[in-house]
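**Student:**
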Amino acid sequence: MKPKAIDMHVHLPTASFLEGSLKPYRALAEQFFRTAVPCREMDEVAKLYDELDLVGVLLGWDAETATGLPPLKNDEVAAVVRKYPARFIGFAGVDPWKGKRAIEEIERAVVELGLRGAKFHPGLQDFRPDDTRFYPLYEKITELGIPAIFHTGTNGIGAGAPGGMGIKLDRTRPIYLDTVAADFPELTIIGAHPAWPWHEEMLAIISHKTNVFMDLSGWSPKYIPRVVMDEARTRLQDRILFGSDYPFITPQRWLGDFDGLDGFSNEVREKILWGNAARILRLDPAPASSTRR
Ligand SMILES: [Zn+2]
Numbered sequence: 007m008k009p010k011a012i013d014m015h016v017h018l019p020t021a022s023f024l025e026g027s028l029k030p031y032r033a034l035a036e037q038f039f040r041t042a043v044p045c046r047e048m049d050e051v052a053k054l055y056d057e058l059d060l061v062g063v064l065l066g067w068d069a070e071t072a073t074g075l076p077p078l079k080n081d082e083v084a085a086v087v088r089k090y091p092a093r094f095i096g097f098a099g100v101d102p103w104k105g106k107r108a109i110e111e112i113e114r115a116v117v118e119l120g121l122r123g124a125k126f127h128p129g130l131q132d133f134r135p136d137d138t139r140f141y142p143l144y145e146k147i148t149e150l151g152i153p154a155i156f157h158t159g160t161n162g163i164g165a166g167a168p169g170g171m172g173i174k175l176d177r178t179r180p181i182y183l184d185t186v187a188a189d190f191p192e193l194t195i196i197g198a199h200p201a202w203p204w205h206e207e208m209l210a211i212i213s214h215k216t217n218v219f220m221d222l223s224g225w226s227p228k229y230i231p232r233v234v235m236d237e238a239r240t241r242l243q244d245r246i247l248f249g250s251d252y253p254f255i256t257p258q259r260w261l262g263d264f265d266g267l268d269g270f271s272n273e274v275r276e277k278i279l280w281g282n283a284a285r286i287l288r289l290d291p292a293p294a295s296s297t298r299r
């Protein structure tokens, strides 16, 4: 039996992430999401995903150059995936400012560690995705045949602080991904989150370029702008993906709220919860026990 859904957007609620990579931002992020986010062991998270019958895509994190904070190491992500291969898939955190080292790291993460995507946060990493200095990195990612996920829209991190703790919203405008998608038609790009307040800009990009997708993480489906959900039900049903943004939003909350929405056929629900992600991740249509390529 295949699992119920693929959660495309899962952060590790470990001390290494919350008290390491996110340390100065954690309290305000908790305020923004109106929830306490305690540190947990990944065994506990595996149990939760098991109970909910979900596959989770675990996201690495490396914003070391811009923030001076330690990365959540790709080796740590890979170790969790090795322990729970039926429950988790790993995406590598890559710091684009690390240049040649970033290119070597993404190759190592995929070839040696078995990770299956690259994760960027242009806000925290303080870079504009369409800057051609990063094109050699995108070339490598394209050559490796893995998708790249970029945070889009406003940032929960830094929200509610003077100067947004230095984080510039311009970095996370989706339009810069449009340039990358145009220049790298073979690269699968996932915009993380509904991209508010530029969600219509993002929908335009997705309509225009078949290599671009959106995950719906970070927002309860109840509050995602209506125009996004209308597109998800109809024209863009093959391009929209379920993601929770755990531990800031739990998958049980997200899925419960999604269940409560009218207007989604079972066929479309299946695409959003499973089919679209399975295609991007090149999963076998069959079982969770073969989640590795
Ligand atoms: Zn996230």
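In terms of my numbering, the sequence shown opens at residue 7 and continues consecutively.
All C-beta atoms, glycine included, are put in the ideal place defined by N, C-alpha and C.
The structure presented is a predicted model; accordingly, all values stated were derived computationally and were not measured.
Does ligand 1 have even one heavy atom less than 8 Å from the beta-carbon of H205?
**Tutor:** It does not: the Cβ of H205 is nowhere closer than 8 Å to a heavy atom of ligand 1.
**Student:** Expressed to the nearest angstrom, what Euclidean distance is found between the alpha-carbon atoms of S324 and G66?
**Tutor:** The structure shown has nothing for residue 324, since the chain only spans 7 to 299.
**Student:** In angstroms with no decimal places, state the Cα-to-Cα distance between S295 and P91.
**Tutor:** Residue placement at S295 cannot be trusted, given a pLDDT of 46 that sits under 50; what the coordinates show is reported in the next sentence. For S295 and P91, the distance between alpha carbons rounds to 7 Å.
**Student:** Can you look up K125 in the DSSP assignment and give me helix, strand or coil?
**Tutor:** Three-state result, K125: strand.
**Student:** Could you tell me whether the segment 270-283 touches the segment 242-249, where touching means 3 or more Cβ pairs closer than 8 Å?
**Tutor:** yes
**Student:** Please classify E111 as buried or exposed, where buried requires at least 16 neighbouring CB atoms within 10 angstroms.
**Tutor:** buried
**Student:** For ligand 1, is there a heavy atom less than 8 Å away from the beta-carbon of G224?
**Tutor:** yes
**Student:** Looking at the structure shown, is V218 part of a helix, part of a strand, or coil, going by DSSP?
**Tutor:** strand
**Student:** What residue ranges within the segment 146-197 form continuous beta strand (DSSP E) runs of no fewer than 3 residues, ordered along the chain?
**Tutor:** With a minimum length of 3 residues, the unbroken runs of beta strand (DSSP E) contained wholly in the segment 146-197 fall at 154-157.
**Student:** Between the alpha carbons of G197 and E276, how many angstroms are there, rounded?
**Tutor:** Computed Cα separation, rounded: 20 Å.
**Student:** Which same chain residues, not among the five before or five after R232, have their C-beta less than 6 Å away from its C-beta?
**Tutor:** none
**Student:** Helix, strand or coil, according to DSSP, for R299 in the structure here?
**Tutor:** In this prediction, R299 scores a pLDDT of 40, lower than 50, which makes its location untrustworthy; the coordinate-derived value is nonetheless stated afterwards. It is coil, neither helix nor strand.
**Student:** Where does G62 sit, in a helix, a strand or coil, going by DSSP?
**Tutor:** strand
**Student:** In terms of residue numbering, what span does the beta strand (DSSP E) encompassing F2 cover?
**Tutor:** Nothing about residue 2 can be read from this structure; the chain reaches only from 7 to 299.
**Student:** Is it the case that the Cβ atoms of G129 and T178 are separated by a distance below 9 Å?
**Tutor:** yes
**Student:** Going along the chain, which residues of its own chain have a beta-carbon closer than 7 Å to the beta-carbon of A108, five neighbours each way excluded?
**Tutor:** So the list reads V100, D101, P102 and L143, once near-sequence residues are dropped.
**Student:** In whole angstroms, what is the alpha-carbon distance linking R298 and H214?
**Tutor:** Any reading at R298 is ruled out, since the residue's pLDDT is 43, under 50, leaving its predicted position unreliable.
**Student:** With a cut-off of 8 Å, do at least 3 Cβ pairs link the segment 76-96 to the segment 119-134?
**Tutor:** yes
**Student:** What three-state label does DSSP hand D81 in the structure shown?
**Tutor:** The DSSP-derived three-state label of D81 is helix.
**Student:** What does the Cβ neighbour count give for Y31, buried or exposed, with the cut at 16 atoms within 10 Å?
**Tutor:** buried
**Student:** Could you check whether the segment 255-268 touches the segment 210-228, counting it as contact only if at least three pairs of C-beta atoms, one from each stretch, sit closer than 8 Å?
**Tutor:** yes
**Student:** Would you tell me roughly how many angstroms separate the C-alpha atoms of F38 and R139, rounded to the nearest one?
**Tutor:** 33 Å
**Student:** Within 10 angstroms of its Cβ, does D13 collect 16 or more other Cβ (buried), or is it exposed?
**Tutor:** buried
**Student:** Got a sec: is the Cβ-Cβ distance from Q258 to anything in chain C below 9 Å?
**Tutor:** Absent from the structure: chain C. Only one protein chain is present.
**Student:** I'd like the list of long-range same chain contacts for E192, defined as Cβ closer than 6 Å, with 5 residues on each side in sequence excluded.
**Tutor:** T148
**Student:** Inspect the beta-carbon positions of I286 and T194 and report whether they are closer than 9 Å.
**Tutor:** yes
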